[in-house]
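A quick write-up on the structure given underneath.
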Amino acid sequence: MTGRFTVDGARALGGPAWLLDRRMAAAERLATTAWPTDTEEIWRYSRIGELDVDRFRPLTDSELGAVGAESVPGGGPVAAEAGERAGLMVVRDGRVVHHEVDDAFAAKGVRVCDLATCDRDEVASWLGSTSDASPDAFTVLHDAFLAGGACVIVPDGVVVDRPLVVLHWSDLDGVATFPHTLVVAGEQAEVSVVERHGSPDVEHLVDGVTEIVARDDAHVRHLAVQEHGPWTWSVMLQRAHLGRDATLRSSTVALGGDYARLRVESYLGGKGAESDLLAVYFGDRGQMHDFRTLQDHAAPRTRSDLLFKGAVEDEARSVYSGMVHLRPVAQKSEAYQTNRNLVLTEGAGAESIPNLEIEADDVRCSHASTVGPTDDDQRYYLETRGIRPEDAERLIVLGFFEDVFARLAIPSLAGALRRSVHEKVGHLHSEGGAGV
Amino acid sequence: MSALTIRGLRVSVEGVEILRGVDLELHSGEVHALMGPNGSGKSTLSHALMGRGGYVVTGGSVTLDGEELLGQPTWERAAAGLFLTHQYPVEVPGVRLLDLLDAAAGVDEVALRAEAQRLRVADDFLGRGVNVEFSGGEQKRAETLQLALLRPKFAILDEIDSGLDVDALRDVSRRIEVMSTEDGLGVLAITHYSRLLTELRPDRVHVFMDGRVVTSGGPELADELERSGYEGLAEGLGVESLRVTVPEESDPFADPGF
């Protein structure tokens, strides 16, 4: 497939030669890549059939703005609520338009930069080091039009004790953009990254990738907040590679978008690595949130936990499809996977498909999955206290998410995110009391 | 002075008539005990008064200061001044007592902490989801705490003495007694044991069998019941059947009333 996403368009985006080479290789693959359909298991229940990629076009270099031409500081409410931060990047339509890092961390060698202008030796070997292991049509398209992105590199032994904030903003109608975030934590390094994805009320396709590399003994916290406008399509891959005794705590809060798909993958490649994946998602009106997760254990004594909780109301739908893979080498590993869904209105629906593939015999593994309405007895209990049904429902839904909020990778943001969810439940209609 | 008046109340659950013409009248500051054997329909009465879904009223009336409650949704009955301490308080994960009380009546943390201290509810329970992993005693203390902070006109205590140890029973009873004498709370205490009555000291005792009040009297009626038992009393009154349902306690996890 090519259509409006041509080799010439990919070539014309400029930037350093090594990045151009990477784009050209992907553009060639794109020409022979078949576009997915929902008959493929991995796209089952999705809305891929509705997507006409050629409704969108890539931006040209002049529209994106010259590499390094920066203008927009700030960061809005998410940046403010993150509290004291170690650095900030603003990425507009896939182009880094602002980046800054606290002097104290810069002095320790922490790099917060644009992929297109970073030192090649620092970034070229890391770019694609996780996402290339899990390609699909969207990552190929992404790679073919990748002209820059947010890059965070923390040297060995350096602890960044305040969050780095990355704000992605996609604001053009009829356009596809390709935000990329690369986080590399060196050996024994620690870093927390908050990403916020937003767009206004425009038809937009976001084809993004977040790569997380946690080298031996590194500790990474990552929180992604997806608050796209109601007409945005978002198809994202977040993939982490963990070294020996490395830990990842990753949290996703997905509230926006028309169709928003996120693949969340942790590859536990080093002995003793630990991955904790959390998500809260809440769809209303005609939204669909579509999650595909992978906990891939490829070393002994690795541990992974996953807790994804979602709610749907109106005609919204959600998909959770998760795979736990314990490879033959992953002896003495533990893997847990839990997905729970509230279906708040009759027209809404949620699919939950947990899967296990266990190839090692000395492991502990469990999965759980639920889909259902809020509990009548809980609502009645609250109503006997004089709480209106719609307020009772709101309390129950917020309470349902509370165990995830309590474990968020960046605790300081829990308050702001509770409020966002609260507003979303707020528009639930009262069904009236069912009195005797 | 408020009045809760129940006249000829008939209620069916899943097509079975459980309440067969209940008559009761309570006033502010009064403590009434409603005693009856398991399966006599006591819990059904408490949920029917609160308007729980599935409880179908087929006759009678329930008024609070002359205003008809039947037909009103549960939350409006509570807002009008009716409160139920649940026999089996349901767990609501992630919703703290403060969240509940704030949503119900704008109760703030200062008031909550003061009342928690008074009822000896440990701080630990204020931070958890309501009733989540509470012991029986903790549940009933938390129910009483909500009662004290929401300040209704009438409280229905549905077997508040079940699952309580002696200390908790005393704390809960004394708090309710104070609300009754100082704040004018009217109390309908549903129980099948007389031990609650030694703490609560009711003004009136009603014996409930076969879905209705079969006899009423002063505190001495509880003593008579203690001597003769329900069966002996039923025989004396010519009541043929003690129960309208299978005994509630046969399955401690069963939904009471069904």
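As they're listed, the protein sequences go chains A and B.
Sequence positions in the first sequence follow our numbering and run 1 to 436.
Sequence positions in the second sequence follow our numbering and run 1001 to 1258.
Where a beta carbon is used, it is the ideal one built from N, C-alpha and C, also for glycine.
- request: Compare the Cα-Cα distances from PHE1208 of chain B to each of B:ARG1201, B:HIS1047, B:LEU1101, B:VAL1239 and report the closest residue.
  value: B:VAL1239
message: Run through chain A and tell me which residues come within less than 9 Å of ASP1099 of chain B, C-beta to C-beta.
response: LEU395, LEU398, GLY399
- request: Can you pull the chain B residues whose beta carbon is under 7 Å from the beta carbon of ARG388 of chain A, in chain order?
  value: TRP1075
task: Please work out which residues of its chain come closer than 7 Å, Cβ to Cβ, to VAL343 of chain A, disregarding the five sequence neighbours upstream and downstream, and give them in chain order.
output: VAL312, GLY349, ALA350, VAL371, GLY372, PRO373
message: Can you find the residues in the same chain that come closer than 8 Å, C-beta to C-beta, to ASP173 of chain A, ignoring five residues on each side of it along the sequence?
response: VAL202, GLU203, HIS204
message: Could you tell me the alpha carbon to alpha carbon distance between VAL206 of chain A and THR302 of chain A, rounded to whole angstroms?
response: 33 Å
query: For ILE387 of chain A, which option in B:GLU1220, B:PRO1073, B:LYS1140 has the closest C-alpha, if you only look at C-alpha atoms?
result: B:PRO1073
- prompt: What is the DSSP secondary structure of ALA298 of chain A, reduced to helix, strand or coil?
  reply: coil
task: Select from B:HIS1192, B:ALA1122, B:LEU1233, B:ARG1201 the residue whose C-alpha is nearest the C-alpha of GLY1039 of chain B.
output: B:HIS1192
- request: Going by DSSP, name the residue or residues bridged to TRP233 of chain A.
  value: A:LEU205, A:TYR259
ASN341 of chain A versus A:TYR320, A:GLN331, A:TYR259, residue with shortest Cα-Cα distance: A:TYR320
query: Can you list, in chain order, the residues of its chain whose CB lies under 6 Å from that of THR252 of chain A, leaving out five sequence neighbours each side?
result: ALA224, ALA279
message: Does ASP1108 of chain B pass the burial test, meaning 16 or more other C-beta atoms within 10 Å, or should it be called exposed?
response: exposed
- prompt: First and last residue of the beta strand (DSSP E) that includes ILE1156 of chain B?
  reply: 1154 to 1158
- prompt: Sorted by chain position, which residues of the same chain lie with C-beta nearer than 7 Å to ARG1007 of chain B's C-beta, five sequence neighbours on each side aside?
  reply: ASP1023, GLY1060, SER1061
message: Below 8 Å on C-beta distance, what does GLU346 of chain A contact in chain E?
response: Included in the structure are the protein chains A and B, with no chain E among them.
query: For the beta strand (DSSP E) that contains LEU182 of chain A, what are its first and last residues?
result: 180 to 185
- request: Evaluate VAL421 of chain A with the Cβ neighbour count: other Cβ atoms within 10 Å of its Cβ, from every protein chain shown; 16 or more gives buried, anything less gives exposed.
  value: buried
task: Determine the extent of the alpha helix (DSSP H) in which VAL1166 of chain B is found, giving its start and end residues.
output: 1166 to 1183
- request: Look at PHE400 of chain A and GLY1041 of chain B and say whether their C-beta atoms are less than 8 Å apart.
  value: no
task: Pick out whichever of A:ARG407, A:GLY49, A:LEU64, A:PRO36 has its Cα sitting closest to the Cα of GLY14 of chain A.
output: A:LEU64
message: Using beta carbons (cut-off 8 Å, strictly below), is PRO1093 of chain B in contact with chain A?
response: yes
message: Is it the case that the segment 1074 to 1083 of chain B contacts the segment 1150 to 1158 of chain B, given that we only count it when at least three CB pairs across the two stretches are under 8 Å?
response: yes
query: When DSSP labels each residue in this structure, what does THR210 of chain A get in the three-state scheme?
result: strand
- prompt: Do the segment 184 to 198 of chain A and the segment 148 to 165 of chain A meet, that is, are 3 or more Cβ pairs less than 8 Å apart?
  reply: yes
task: Could you list which residues in chain B have their beta carbon closer than 7 Å to that of ASP391 of chain A, in chain order?
output: ALA1103
task: Verify the CB distance criterion: does GLU423 of chain A have a CB-CB separation below 8 Å to chain B?
output: no
task: Have a look at LEU1119 of chain B and ARG1141 of chain B and give me their C-alpha separation to the nearest angstrom.
output: 7 Å
- prompt: What residues from chain A crowd round LEU1145 of chain B, counting only those whose CB sits closer than 8 Å?
  reply: Ordered by position in chain A, no residue passes the 8 Å Cβ test against LEU1145 of chain B, which lies about 12 Å from the chain.
- prompt: Among all the DSSP beta bridges, which residues are the ones paired with TRP169 of chain A?
  reply: A:ARG92, A:GLY198
task: Give the residues of chain A in contact with MET1179 of chain B, contact being defined as C-beta atoms less than 9 Å apart.
output: Chain A residues near MET1179 of chain B: none, gap ~16 Å exceeds 9 Å.
- prompt: Taking the alpha carbon of TYR1055 of chain B as the point to measure from, which residue in A:GLN295, A:TYR336, A:ARG418, A:TYR380 has its own alpha carbon closest?
  reply: A:TYR380
Same chain, Cβ closer than 7 Å to LEU237 of chain A, neighbours up to 5 away in sequence not counted: SER131, SER134, THR139, VAL209, ARG263
task: Measure how close the beta-carbons of LEU1149 of chain B and LEU1112 of chain B come, nearest whole angstrom, since I'm counting them as under 8 Å.
output: 7 Å
task: Could you list which residues in chain A have their beta carbon closer than 7 Å to that of VAL1090 of chain B, in chain order?
output: ASP377, GLN378, TYR381
Span of the alpha helix (DSSP H), counted from its first residue to its last, around HIS1047 of chain B: 1042 to 1050
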